[in-house]
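By the count of the working numbering, the sequence shown reaches residue 224 at its end, each step adding exactly one.
Below is one structure, written out as structure tokens; the observations come after it.
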Amino acid sequence: MQLNQPLVSVGQLPVTLADLLAAATVLVLLLLISAVVFAWRAQRARGFESHESFRRTADLEYRLAELSGTLRSFAEQTQGAQINLAGAIDERLDQVSHRLGLSLADQANRTGQSLQQLHERLAVIDAAQQNIAALSSEMVSLKDILSNKQARGAYGQGRMEAIIRDGLPVDAYAFQATLSNGTRPDCLIRLPESDIKLVIDAKFPLEAFNALRLPGNEKTI
Numbered sequence: 004m005q006l007n008q009p010l011v012s013v014g015q016l017p018v019t020l021a022d023l024l025a026a027a028t029v030l031v032l033l034l035l036i037s038a039v040v041f042a043w044r045a046q047r048a049r050g051f052e053s054h055e056s057f058r059r060t061a062d063l064e065y066r067l068a069e070l071s072g073t074l075r076s077f078a079e080q081t082q083g084a085q086i087n088l089a090g091a092i093d094e095r096l097d098q099v100s101h102r103l104g105l106s107l108a109d110q111a112n113r114t115g116q117s118l119q120q121l122h123e124r125l126a127v128i129d130a131a132q133q134n135i136a137a138l139s140s141e142m143v144s145l146k147d148i149l150s151n152k153q154a155r156g157a158y159g160q161g162r163m164e165a166i167i168r169d170g171l172p173v174d175a176y177a178f179q180a181t182l183s184n185g186t187r188p189d190c191l192i193r194l195p196e197s198d199i200k201l202v203i204d205a206k207f208p209l210e211a212f213n214a215l216r217l218p219g220n221e222k223t224i
């Protein structure tokens, strides 16, 4: 079969085998060109996606690094703040402990002084109670002495002699001296630069003394 031999007619135009082969060749070329274009576009799209993925990965890595740096800086600041806070708390505790120690020492010192003063006062009170007890005993003894005339006279004479000895020189008095009428008073006091002598009776009855003190007894006396 010859290439120029018409095979079909399209309208008034005859279509030869050469025309069909040329048309098939053109069609195959068009299909090849389309396939190459599609393959290029697909490869370009894959390259763009790969570049975009790489860009996104790099951006994510950058953000992660930035976040890691922020977290590291925050951790360092937090650690520094914790160290400062711990130092401030320790310093405050030391101050409070020091003040508390001083306060307790001062309180203990004051308590010791108060206890010592209380002990001293109790000792004074105890001594006063002992003195009161002794004085009460002496008062009872004195009451017993004063209730007995003989004992009262002896006590009065003894006190009188002690007072005279303490207040006068030896040549100014005499005990149990005999007078011109034969009486012997308990004490005879010689007045200075005079011949007058003062006679003292230490055993003068208490009843008579009380009678002298009562008003209206001049006639009786």
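Glycine included, each C-beta is placed from N, C-alpha and C at the ideal position.
Any idea if residue i is buried or exposed, counting beta-carbon neighbours within 10 angstroms, 16 or more meaning buried?
i, result
"Y65", "exposed"
DSSP three-state label for residue i, please.
i, result
"K200", "strand"
"R193", "strand"
"A177", "strand"
"A27", "helix"
"N213", "helix"
"N184", "coil"
"A38", "helix"
"A154", "helix"
"A84", "helix"
"A78", "helix"
"A131", "helix"
"L171", "coil"
"K146", "helix"
"A68", "helix"
"A89", "helix"
"A205", "coil"
Suppose contacts are defined by Cβ-Cβ distances below 8 Å. Is residue i in contact with residue j by that definition?
i, j, result
"D189", "Q160", "yes"
"L194", "A177", "no"
"M163", "I203", "yes"
"G156", "K206", "yes"
"Q179", "R187", "yes"
Please name the residue, chosen from the options, that lies closest to residue i on a Cα-to-Cα basis.
i, options, result
"E196", "T181, S183, D174", "D174"
Margin query: Quick check on the DSSP output: what are the complete alpha helix (DSSP H) runs of length 4 or more inside the stretch 91-128, in order along the chain?
Written below: none
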